[in-house]
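Engineer: In the numbering used here, the protein residues as written are 27 to 212.
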């Protein structure tokens, strides 16, 4: 972002950020129109270009501030075993989704379905960061690659099934515990 962006009111910055997150999370990078963002922000095209050089720069900025928000809220993993840490992580992810569904959706689109070169660039960076956290947990407990893949795909499937369907937290935790108990037997 250009220096001028940081000189505008926090309210205007937040409006640009909020609308950009909404548009990118709904449409992905490729199908997001900068003109739509400009219209919704109620700013002229020239005004927007005082703050950004390109749509990609805005996209990167949105990803960066969203990543900071995710990492700021990421729990520390201090459990006695991998299952305690996985429960901590899964509950954190559930809560994060409930509080930030648009950011969650934006990252999900980029991680699971990168549809253009710009999203693929961001995808690689996100994967490096997210894999670091997951594999730090795996390394901490010296889990085999096969078992870590089973754990990863089990939790991913559980999250897709329950988080997106807005299941109550208690029900989600109950199902999570059932899956964790199955994983303990592997």
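Glycine included, every Cβ here is placed at the ideal spot set by N, Cα and C. These numbers come from a predicted model, not from an experiment.
1. Does the segment 108-117 come into contact with the segment 34-51, if we say contact requires no fewer than three beta-carbon pairs (one atom in each stretch) closer than 8 Å?
2. Is residue 54 near residue 131, with beta carbons less than 8 Å apart?
3. In three-state terms, what does DSSP make of residue 92?
4. Is residue 145 buried or exposed, if buried means 16 or more other CB atoms sit within 10 Å of its CB?
5. Please classify residue 211 as buried or exposed, where buried requires at least 16 other C-beta atoms within 10 Å of its C-beta.
6. Just the C-alpha distance for residue 86 and residue 79, rounded to the nearest angstrom, thanks.
7. Flag this pair as yes or no: are the beta carbons of residue 173 and residue 51 separated by less than 8 Å?
8. Please state if the CB of residue 103 and the CB of residue 177 are separated by a distance shorter than 8 Å.
9. My guess is that residue 75 and residue 27 are in contact by the Cβ rule of under 8 Å, so how many angstroms apart are they, rounded?
10. Anyone know if the C-beta pair for residue 184 and residue 201 falls short of 8 Å?
11. Apart from the five residues just before and just after residue 62, which ones in its own chain have a Cβ nearer than 8 Å to its Cβ?
12. Can you list, in chain order, the residues of its chain with a C-beta nearer than 7 Å to that of residue 169? Leave out the 5 residues immediately preceding and following it.
13. With residue 36 as the anchor, note down where its alpha helix (DSSP H) starts and where it stops.
14. To the nearest angstrom, report how far apart residue 195 and residue 72 are at their CA atoms.
Structural biologist: In this structure, then:
1. Judged by Cβ distances under 8 Å, the segment 108-117 makes no contact with the segment 34-51, as fewer than three pairs qualify.
2. For the purposes of this step, residue 54 is taken as the residue at position 28 of the chain shown. For the purposes of this step, residue 131 is taken as the residue at position 105 of the chain shown. Contact: no.
3. As a working mapping, residue 92 is identified with position 66 in the chain shown. DSSP places residue 92 in helix when its eight states are reduced to three.
4. As a working note, residue 145 is residue 119 in the chain shown. With 16 or more other Cβ atoms within 10 Å, it is buried.
5. On the chain shown, residue 211 is found 185 positions in, with the first residue counted as 1. Result: exposed.
6. Sequence index remark: in the chain shown, residue 86 carries index 60 (1-based). Sequence index remark: in the chain shown, residue 79 carries index 53 (1-based). Residue 86 and residue 79: Cα-Cα distance of roughly 11 Å.
7. As a position in the chain shown, residue 173 is number 147, starting the count at 1. As a position in the chain shown, residue 51 is number 25, starting the count at 1. Not a contact, by the Cβ cut-off of 8 Å.
8. Position 151 of the chain shown holds residue 177. Position 77 of the chain shown holds residue 103. Cβ distance not < 8 Å, so residue 177 and residue 103 don't count as in contact.
9. Numbered from 1 along the chain shown, position 49 holds the residue referred to as residue 75. Numbered from 1 along the chain shown, position 1 holds the residue referred to as residue 27. 12 Å between Cβ atoms; not a contact.
10. Within the chain shown, residue 184 is the residue found at index 158, counting from 1. Within the chain shown, residue 201 is the residue found at index 175, counting from 1. Going by C-beta atoms, residue 184 is nearer than 8 Å to residue 201.
11. The sequence position of residue 62 within the chain shown is 36, counting from 1. Exclusion of the five residues before and after residue 62 leaves 49 as the residues of its chain whose Cβ lies within less than 8 Å of its Cβ.
12. By 1-based counting over the chain shown, the position of residue 169 is 143. Excluding residues within five positions, the ones whose Cβ falls inside 7 Å are 108.
13. In the chain shown, counting from the first residue as 1, residue 36 sits at position 10. That run of the alpha helix (DSSP H) goes 36-53.
14. For the purposes of this step, residue 195 is identified with residue 169 of the chain shown, where counting begins at 1. For the purposes of this step, residue 72 is identified with residue 46 of the chain shown, where counting begins at 1. Looking at the two C-alpha atoms, the distance is approximately 46 Å.
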